[in-house]
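*Asks:* Each residue of the sequence shown is one higher than the last, beginning at 1142 in our numbering. Just so it is clear, CB atoms sit at the ideal spot from N, CA and C, and this is done for glycine as well.
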Amino acid sequence: MKNTIEKLIFIVMLSFMATSCHDDLNQSPIDPDSFTEENVYATVDEAKSALAKLYAGFALTGQDGPAGNPDLDPDDIDEGFSQYTRTLFYLNELTTDHAVLGWGDAGVPDMHGMYWTPNNDFTNSMYNRLGQEVSFCNSFIENAQVLSSDPEVQHFIAEARFLRAFAYYNLIDLFGNVPIQTTVAITLPSQNSREEVFDFTETELLEIQDLLPESNEYGRVDKVAAWALLSKLYLNAEVWTGTPRYNDCVTYSNNVMNSSYSINTNDGNNSGTAYDELFLADNNSNGAQNEFIFAVNFDGIQSQTYGGTTFLVHASIGGSMDPTVFGVDGGWGGLRTTSVFVEKFEPGDMRGMFYTDGQSLEIESIPPFSQGYAVTKFKNVDVNGNPGSGTGQDNRVDTDLPLIRLAEIYLNYAEATLRGGNGDIGIAVNKINELRTRAFGNTSGNITTADLDLDFVLDERSRELYWECQRRTDLVRYNYFTTSNYLWPFKGNQPGGTSVGDFRNLFPIPSNTLSTNSNLQQNPGY
């Protein structure tokens, strides 16, 4: 599927051909007849091209790479800013102790200052991007039925349902009460409760787990992906619905842990750890792919964007850093991290990848790149140090970005067990030690049962998964995101950090969405 996705820039017009409206969660192509459904769904191969567009919804931003013919209205937000994983980084990492961004673009300071409004460009972009993905998936699920007698197309439809469920997982997490849409319609949708959206997403995943293939091409999901997303869903159930589901989280985490996926232990560049291979330009083939359950695929030639790992690599480079070490010719001088995060790493833990030359540990003012350590986790080079295919081009990075990988499921299992789930503490310790053995390159960092508690798991999630767009969700689950129980620099727009209103555990429904659909109500506090 990576090869298919690399060709998306040429085939997306065959699937949906035009930019789209994006009111509410009821989006559809402006001109769906530009390329008729009879053409798109005439054969299995054509349907596969349409399916690729659904995967591309999480990677690309329109019909021309890296910009120029966007899916979302360019009057609302710059196309490069609107890419899914870049926007998710803004919402789930930039709002936490993991990252600051020293740019003055409208809406950026709101993120780490935690004072966003219903008119914030990035919260609005995420709502619209996810709504568009739901709409595209609905269209595919409906239209692919003409080929549903083919077993391969049945897999395609199950994959589309997974991608729609993944979009709803994000919507539950970020916005709470949103409309459930399962068909392409022109009527304004009604709002569903967070619990109803949770139930819908759970039901979809339970139904498709046996409809998805046992294994699939790299870049496409299989039945393990459904189990993994259920693990994530159940871990957050108590926060999102008020009902704990930790036994279910343990069950589905176990399913994943007993599957064919495996933790990458291939130290191809002889750095002393196999952790860094997960974030290199050849992570689709260097062994990391065996750990990736669901990843967004990027290619410097065929699928270009100013978001994704292009953003993560370029925005992290500044000061005295040498861009060629990262497989690019220049940096954007923006992203750094906080001292609170840096200090979570023990000596010998090679997951902590920082650039410190000319960088202060503490941040007194966010804009200067020299304040705060730079993060070197993502690179556009392969295990041999060779640059990716897009050297010298700001929009060309080959590194794929995992959205779900096996290491996270290990940590889900441990946390759910500690929260009362029917898991085995011994297994949880062993799984965490598997990660720490990779991190340290030996067993010197291994822990015992006595070391394992909820705060340890949270810190281990931070060390293992930083900048993979998970942190805010974790802090909300621990009641640390808005409260004074845990502070970091510039939380609440204060240098030393302060609490903010708990309504900020959810983002607001966009103002322009509310103005066009009277069926919707704003989240409390906004």
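Below 8 Å, can you find three or more Cβ-Cβ pairs linking the region 1367-1381 to the region 1308-1321?
*Replies:* Touching, yes.
*Asks:* Taking only runs of the alpha helix (DSSP H) that begin and end inside the region 1398-1458, which ones reach a length of at least 4 residues, in chain order?
*Replies:* DSSP runs (the alpha helix (DSSP H)) wholly in the region 1398-1458: 1449-1455.
*Asks:* Tell me which same chain residues have a C-beta within less than 6 Å of the C-beta of residue 1203, skipping the five on either side of it?
*Replies:* Your numbering for residue 1203 matches position 62 in the sequence shown. Here the set comprises 1210, 1211 and 1212.
*Asks:* Give me the Cα-Cα distance between residue 1522 and residue 1649, rounded to the nearest whole angstrom.
*Replies:* In the sequence shown, counting from the first residue as 1, residue 1522 sits at position 381. In the sequence shown, counting from the first residue as 1, residue 1649 sits at position 508. Those two C-alpha atoms are separated by around 38 Å.
*Asks:* Leaving out five residues on either side along the sequence, give the residues of the same chain with a beta carbon under 7 Å from the beta carbon of residue 1511.
*Replies:* Within the sequence shown, numbered from 1, the residue matching residue 1511 stands at position 370. So the qualifying residues of the chain are 1460, 1499, 1500 and 1501.
*Asks:* Please return the same chain residues whose Cβ sits closer than 6 Å to the Cβ of residue 1667, not counting the five positions on each side in sequence.
*Replies:* Translated into positions along the sequence shown, residue 1667 becomes position 526. Correct list, in chain order: 1259 and 1649.
*Asks:* When we look at the beta-carbon of residue 1629 and count the other beta-carbons within 10 Å, is it buried (16 or more) or exposed?
*Replies:* What you label residue 1629 is simply residue 488 of the sequence shown in a count that begins at 1. Residue 1629 should be labelled buried.
*Asks:* With a threshold of 8 Å, are at least 3 pairs of Cβ atoms found where one atom belongs to the region 1578-1595 and the other to the region 1651-1667?
*Replies:* They do not touch, by the three-pair rule.
*Asks:* Within 10 angstroms of the Cβ of residue 1286, are there 16 or more other Cβ atoms? Answer buried if so, exposed if not.
*Replies:* The residue labelled residue 1286 in the question sits at position 145 within the sequence shown. Flag for residue 1286 reads exposed.
*Asks:* Check whether the region 1483-1496 and the region 1536-1548 are in contact - that is, three or more C-beta pairs closer than 8 Å.
*Replies:* Taking 8 Å as the limit for Cβ pairs, the verdict is that the region 1536-1548 does not touch the region 1483-1496.
*Asks:* Quick one: what does DSSP say residue 1292 is sitting in, helix, strand or coil?
*Replies:* The residue given as residue 1292 occupies position 151 in the sequence shown. Reduced to three states, the DSSP call for residue 1292 is helix.
*Asks:* Using a threshold of 9 Å, state whether the C-beta atoms of residue 1200 and residue 1225 are closer than that.
*Replies:* As a working note, residue 1200 is residue 59 in the sequence shown. As a working note, residue 1225 is residue 84 in the sequence shown. For residue 1200 and residue 1225, yes; Cβs fall inside 9 Å.
*Asks:* With DSSP collapsed to three states, give me the class of residue 1651.
*Replies:* Taking the first residue of the sequence shown as position 1, residue 1651 is located at position 510. Residue state, collapsed to three classes: coil.
*Asks:* Determine the direct distance from the alpha carbon of residue 1463 to that of residue 1525, and round the result to whole angstroms.
*Replies:* Against the sequence shown, residue 1525 aligns to sequence position 384. Against the sequence shown, residue 1463 aligns to sequence position 322. Distance between the alpha carbons of residue 1525 and residue 1463: 17 Å.
*Asks:* With a Cβ-Cβ cutoff of 9 Å, do residue 1515 and residue 1478 count as a contact?
*Replies:* Within the sequence shown, the letter at position 374 stands for residue 1515. Within the sequence shown, the letter at position 337 stands for residue 1478. Cβ atoms of residue 1515 and residue 1478: closer than 9 Å.
*Asks:* Do residue 1671 and residue 1518 have their C-beta atoms within less than 9 Å of each other?
*Replies:* No information on residue 1671 is available, as it lies outside the stretch 1142 to 1667 that the chain covers here.
*Asks:* I'd like to confirm the pairing. Which residues does DSSP put opposite residue 1496 in its beta bridges?
*Replies:* As a first step, residue 1496 must be located in the sequence shown, where it is residue number 355. Residue 1496 pairs with 1515.
*Asks:* Can you tell me whether residue 1213 is helix, strand or coil according to DSSP?
*Replies:* Here residue 1213 is taken as the residue at index 72 of the sequence shown, counted from 1. Looking at residue 1213 - three-state DSSP - the assignment turns out to be coil, as it is neither helix nor strand.
*Asks:* Does DSSP put residue 1181 in a helix, a strand or coil?
*Replies:* Locating residue 1181 in the sequence shown gives position 40, counting from the first residue. Of the three classes helix, strand and coil, the one that applies to residue 1181 here is helix, per DSSP.
*Asks:* Cα separation between residue 1172 and residue 1271?
*Replies:* Start at 1 with the first residue of the sequence shown, and residue 1172 comes out as number 31. Start at 1 with the first residue of the sequence shown, and residue 1271 comes out as number 130. The pLDDT assigned to residue 1172 is 47, lower than 50, so where the model puts this residue is not dependable; a value taken from the coordinates is nonetheless given after this. Using only the alpha carbons, I get a separation of about 20 Å.
*Asks:* Ignore the nearest five residues each way along the sequence and tell me which others in residue 1238's own chain have a CB closer than 7 Å to its CB.
*Replies:* Locating residue 1238 in the sequence shown gives position 97, where the first residue counts as 1. Cβ within range, chain order: 1479, 1481, 1482 and 1629.
*Asks:* Between which residues of its own chain and residue 1453 is the CB-CB distance below 6 Å, once the five residues before and five after are set aside?
*Replies:* As a first step, residue 1453 must be located in the sequence shown, where it is residue number 312. Closer than 6 Å at the Cβ level, and outside the excluded window around residue 1453, lie 1519.
*Asks:* Let me check one thing: in DSSP terms, what residues is residue 1673 bridge-paired to?
*Replies:* The shown model of the chain, from 1142 to 1667, leaves out residue 1673, and the question about it has no answer.
*Asks:* Use the C-beta contact count for residue 1588: other C-beta atoms within 10 angstroms, 16 or more gives buried, fewer gives exposed.
*Replies:* For the purposes of this step, residue 1588 is identified with residue 447 of the sequence shown, where counting begins at 1. Exposed, by the Cβ-count rule.
*Asks:* Quick one: give me the first and last residue of the beta strand (DSSP E) that residue 1543 is part of.
*Replies:* If you number the sequence shown from 1, residue 1543 lands on position 402. It spans 1542-1546 - the beta strand (DSSP E) in which residue 1543 sits, taken as one unbroken run.
*Asks:* For residue 1326, is the classification buried or exposed, using 16 other Cβ atoms within 10 angstroms of its Cβ as the cut-off for buried?
*Replies:* What you label residue 1326 is simply residue 185 of the sequence shown in a count that begins at 1. Residue 1326 comes out exposed.
*Asks:* Apart from the five residues on each side of it in sequence, which residues of its chain come closer than 8 Å, Cβ to Cβ, to residue 1266?
*Replies:* Within the sequence shown, the letter at position 125 stands for residue 1266. Here the set comprises 1213, 1217, 1218, 1222, 1223 and 1228.
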